[in-house]
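K.L.:
Protein chains in written order, with this note's numbering: chain A, 147 to 459; chain B, 147 to 459.
There are 2 protein chains.
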Amino acid sequence: MPPIRLGLVGVGKIARDQHFPAIAATEGIELAAVASRSASLEEVPSFASQSEMLAGAEIDAVALCTPPQVRHELALEALKAGKHVILEKPPGATLSEMDDLVAAAKAEGVSLFATWHSRFSPAVEPATEWLSARRAKKVRIVWKEDVRRWHPGQDWIWEPGGLGVFDPGINALSIATAILPQPFFLTKAALTFPENRQAPIAADLAFTDATGVDFTAEFDWRQEGPQTWDITIETDDGGRLALSEGGKKLILNDQPTVDAPDAEYRGIYAHFVDLVGSQRSDVDVSPLRHVADAFMLGHRQITEPFFDDGGKA
Amino acid sequence: MPPIRLGLVGVGKIARDQHFPAIAATEGIELAAVASRSASLEEVPSFASQSEMLAGAEIDAVALCTPPQVRHELALEALKAGKHVILEKPPGATLSEMDDLVAAAKAEGVSLFATWHSRFSPAVEPATEWLSARRAKKVRIVWKEDVRRWHPGQDWIWEPGGLGVFDPGINALSIATAILPQPFFLTKAALTFPENRQAPIAADLAFTDATGVDFTAEFDWRQEGPQTWDITIETDDGGRLALSEGGKKLILNDQPTVDAPDAEYRGIYAHFVDLVGSQRSDVDVSPLRHVADAFMLGHRQITEPFFDDGGKA
Chain A
147 MPPIRLGLVG VGKIARDQHF PAIAATEGIE LAAVASRSAS LEEVPSFASQ
197 SEMLAGAEID AVALCTPPQV RHELALEALK AGKHVILEKP PGATLSEMDD
247 LVAAAKAEGV SLFATWHSRF SPAVEPATEW LSARRAKKVR IVWKEDVRRW
297 HPGQDWIWEP GGLGVFDPGI NALSIATAIL PQPFFLTKAA LTFPENRQAP
347 IAADLAFTDA TGVDFTAEFD WRQEGPQTWD ITIETDDGGR LALSEGGKKL
397 ILNDQPTVDA PDAEYRGIYA HFVDLVGSQR SDVDVSPLRH VADAFMLGHR
447 QITEPFFDDG GKA
Chain B
147 MPPIRLGLVG VGKIARDQHF PAIAATEGIE LAAVASRSAS LEEVPSFASQ
197 SEMLAGAEID AVALCTPPQV RHELALEALK AGKHVILEKP PGATLSEMDD
247 LVAAAKAEGV SLFATWHSRF SPAVEPATEW LSARRAKKVR IVWKEDVRRW
297 HPGQDWIWEP GGLGVFDPGI NALSIATAIL PQPFFLTKAA LTFPENRQAP
347 IAADLAFTDA TGVDFTAEFD WRQEGPQTWD ITIETDDGGR LALSEGGKKL
397 ILNDQPTVDA PDAEYRGIYA HFVDLVGSQR SDVDVSPLRH VADAFMLGHR
447 QITEPFFDDG GKA
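#1: Where does Arg446 of chain A sit, in a helix, a strand or coil, going by DSSP?
#2: Here's a check: name, in chain order, each residue in its chain whose Cβ is nearer than 8 Å to the Cβ of Glu305 of chain B, leaving out the five neighbours to either side.
#3: How big is the Cα-Cα spacing for Ile397 of chain A and Thr403 of chain A?
#4: For Arg435 of chain B, go through chain A and note every residue whose CB falls closer than 9 Å to its CB, in chain order.
#5: Return no unless some Cβ of chain B is closer than 8 Å to the Cβ of Gln344 of chain A.
#6: Determine the burial state of Arg435 of chain B: buried for a count of at least 16 other Cβ atoms within 10 Å of its Cβ, exposed for fewer.
#7: If we cut at 8 Å on Cβ distances, does Ala459 of chain A have a partner in chain B?
#8: Once the 5 residues before and after Ser320 of chain B are set aside, which same chain residues still bring their CB inside 6 Å of it?
#9: Listed in chain order, which residues of the region 258-289 of chain A have Cβ atoms closer than 7 Å to some Cβ of chain C?
#10: Counting Cβ pairs, one atom from each stretch, are 3 or more of them under 8 Å apart for the region 412-432 of chain A and the region 163-170 of chain A?
#11: DSSP three-state call for His165 of chain B: helix, strand or coil?
#12: Closer than 8 Å, CB to CB, is His417 of chain A near chain B or not?
#13: So, using beta-carbon positions, are Val311 of chain B and Phe365 of chain B closer together than 8 Å?
#14: Counting only beta-carbon atoms, is Arg446 of chain A nearer than 8 Å to chain B?
#15: Report back the beta-carbon spacing between Pro149 of chain A and Glu176 of chain A to the nearest angstrom; my notes put them in contact at under 8 Å.
#16: When DSSP labels each residue in this structure, what does Phe353 of chain B get in the three-state scheme?
#17: Looking at the strands, I want to know which residues DSSP matches up with Thr172 of chain B.
#18: Could you give the residue range of the beta strand (DSSP E) that holds Trp375 of chain B?
#19: Taking Val157 of chain B as the reference, which of B:Arg151, B:Ala179, B:Thr172 has the closest Cα?
#20: By Cβ distance below 6 Å, which residues in the same chain neighbour Lys284 of chain B in space, the five residues on each side in sequence not counted?
#21: Within 10 angstroms of the Cβ of Arg217 of chain A, are there 16 or more other Cβ atoms? Answer buried if so, exposed if not.
#22: Have a look at Arg183 of chain A and Ala161 of chain A and give me their C-alpha separation to the nearest angstrom.
#23: Assign Thr357 of chain B to one of two classes, buried (16 or more other C-beta atoms within 10 Å of its C-beta) or exposed (fewer than that).
#24: Does the Cβ of Phe453 of chain A have 16 or more other Cβ atoms within 10 Å, making it buried, or fewer, making it exposed?
#25: Within 10 angstroms of the Cβ of Pro382 of chain B, are there 16 or more other Cβ atoms? Answer buried if so, exposed if not.
#26: Using a Cβ cut-off of 8 Å, pull out every chain A residue sitting near Gly307 of chain B, in sequence order please.
#27: Kindly indicate which three-state DSSP category Leu187 of chain B falls into: helix, strand or coil?
#28: When you compare the CB positions of Ala349 of chain B and Leu337 of chain B, do they come within less than 8 Å of one another, or not?
#29: In the DSSP assignment, find the unbroken beta strand (DSSP E) run with Glu364 of chain B in it and report its ends.
#30: Among B:Leu387, B:Asp400, B:Val419, which one has its Cα closest to the Cα of Arg286 of chain B?
#31: CB-CB under 8 Å to Glu440 of chain A, same chain, minus the five flanking residues each way: which ones, in chain order?
#32: Taking only three categories from DSSP, how would you classify His230 of chain B?
#33: Strictly below 9 Å CB to CB, what residues from chain B border Pro329 of chain A?
#34: Classify Asn399 of chain A as buried or exposed, calling it buried when 16 or more other Cβ atoms lie within 10 Å of its own Cβ.
#35: Going along chain A in order, which residues have a C-beta closer than 9 Å to the C-beta of Leu222 of chain B?
#36: Looking at C-alpha atoms only, which residue of B:Gly393, B:Val429, B:Trp296, B:Asp420 is the closest neighbour of Gly371 of chain B?
The structure is reproduced here in structure tokens:
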């Protein structure tokens, strides 16, 4: 089978840092075009919009790396043009818009992949396996990073639909929904909004499930110095799981089990090649559903204003 | 078949105003017990909690009329005790908690009914029928009522999970999701919060769908004088639908088609008797999903404080 010819829309930080190297390193797929309002590449034909790319490039699939607020319109256009589609996370600005995309992919006979890159971190599969035979009694997620370091100048992330601290926090939720053997749900949430922003800079969440698991998650975007992306789980048989560095390291009952470099986006593209080859889609909105639940159920509190340059002028 | 013996939990305003008369008027079901922290009835055994009612009363089904924040725990307890369950709207405080309930109902072989009372208003079925052959071009929802009149002293409605103006607004969304032939989704929302409250007192919403429908909804809880619960729709063939008084009146192309008294809760109980008899469940979370989307995507703005007595002391 010839490689999937991919057109990528939205040549920003995530495309350059992650998508381009992963596409180049993955068999069965190749970058064939890009669309961007502001950037062009030398290596492949560059277009000013997805519409122009669909009209002018020979492609089989589209990867959408734009902000989530405009993802639905682009995804629907690409699907209706008969292209397979990869959605960066989160898959959209709302839960309800996903139904159309799933229906359009089915109608066109193409694959739709709503990605959660953290699910492709090396610790996730062994953690899932280990937990499948156990019951989680206590779950602690601590996901604290410095927004100025990871999202410099990205104003869209503070706008409605940009999700604020849930942009990284949803990565933790995408891991938790993958590795925990049964569904959980929010019981309480406190969301902290800078007084000049529409998205939270911190969130404290409490979840439970039908077995009464004691499950909390702390998300904070104000962490300077070392960054924390940890999930720890205690099970009813006394087992202990510690997943750290966002899923690169796994310790099971104090035994280091995984310590591997990041290859999340290569995992995404390998899975996409597999989905296209087997004519399947993969759309799981549960991480975004937990975020929507937190916005709906969350107690809002206001904190000092946030300025990207650290100043308060 | 003997009538379904129903235990009702949460003897508040909605139970007295709507549930008790509807149960009495519906064949195939009878009130057999109530559970309430504060109220008891003379006619049937009264218990201080659902647990005591489940232990002490001969019942086949439970109707939950408590605030949504505690609905999941009660619903799961009742389902696991092998009882059919009716959930007042909204069915829960989160979307994610519904999965457990659906699974529990299936495992126990009982019926679960997540009700949307406005779907049983007399205009809904003829409106659905009329729209099924047409495409909506323009949809306008105006849902404006006086919170002091309809929710006197109900503090839970202003707490996280109480939904604020979406408590009535979700009724409009439950009608729109029922009568419109294809799924729609939110593109923009402005939510107005009183500065002393955790729930919005007003919401301006814009939706669209795969065909590009022009769809707005205005919810406001500050409407004194005449109350407004209107949905108007223009279709691509020049047709006009006007649904008013929350679904009691329907005008199609300027012809009055329905003008009937409210019998929503009798419709709910008749449908529940049918669900139990045919061993089915009816759980559609799409109205609550739109509300969660609005909290997630909504632009928050702050307005003057709200006091239940109208004072500002």
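Just so you know, even glycine gets a beta-carbon here, dropped at the ideal spot from N, CA and C.
P.N.:
According to the structure data:
#1: strand
#2: Gln215, Gln344, Ala345
#3: 5 Å
#4: The contacting residues are Thr240, Leu241, Ser242, Arg435, Ala438.
#5: Using a Cβ-Cβ cut-off of 8 Å, Gln344 of chain A counts as an interface residue toward chain B, since at least one Cβ of chain B sits closer than that to its own.
#6: buried
#7: Residue placement at Ala459 of chain A is flagged as unreliable, the pLDDT there being 39, under the threshold of 50; the coordinate-derived value follows with that caveat. Closer than 8 Å: no.
#8: Within the same chain, Cβ atoms closer than 6 Å to the Cβ of Ser320 of chain B are found at Trp262, Ser264, Arg265, Pro433, the five residues on either side in sequence being excluded.
#9: Looking for chain C here will not work: the only protein chains present are A and B.
#10: yes
#11: Helix, per DSSP.
#12: So, not an interface residue.
#13: It is a contact, given that the beta carbons lie within the stated cut-off.
#14: yes
#15: 5 Å
#16: strand
#17: Paired residue(s): none; Thr172 of chain B is not in a bridge.
#18: 374-381
#19: B:Ala179
#20: Asp360, Glu380
#21: buried
#22: 14 Å
#23: exposed
#24: exposed
#25: Here residue 382 of chain B turns out to be Asp, not Pro, going by the sequence shown. Label assigned to Asp382 of chain B: exposed.
#26: Met442, Leu443
#27: coil
#28: Against a cut-off of 8 Å, the Cβ pair of Leu337 of chain B and Ala349 of chain B comes out as a contact.
#29: 360-366
#30: Per the C-alpha coordinates, the member of B:Leu387, B:Asp400, B:Val419 positioned closest to Arg286 of chain B is B:Leu387.
#31: First, the amino acid is wrong: residue 440 of chain A is Ala here, not Glu. Excluding sequence neighbours, Ala440 of chain A sits near Phe312, Leu332, Ala335, Leu337, Ala349, Leu351.
#32: strand
#33: The answer, in chain order, is Ser242, Glu243, Asp245, Asp246, Ala249.
#34: Classification for Asn399 of chain A: exposed.
#35: Ala356
#36: B:Trp296
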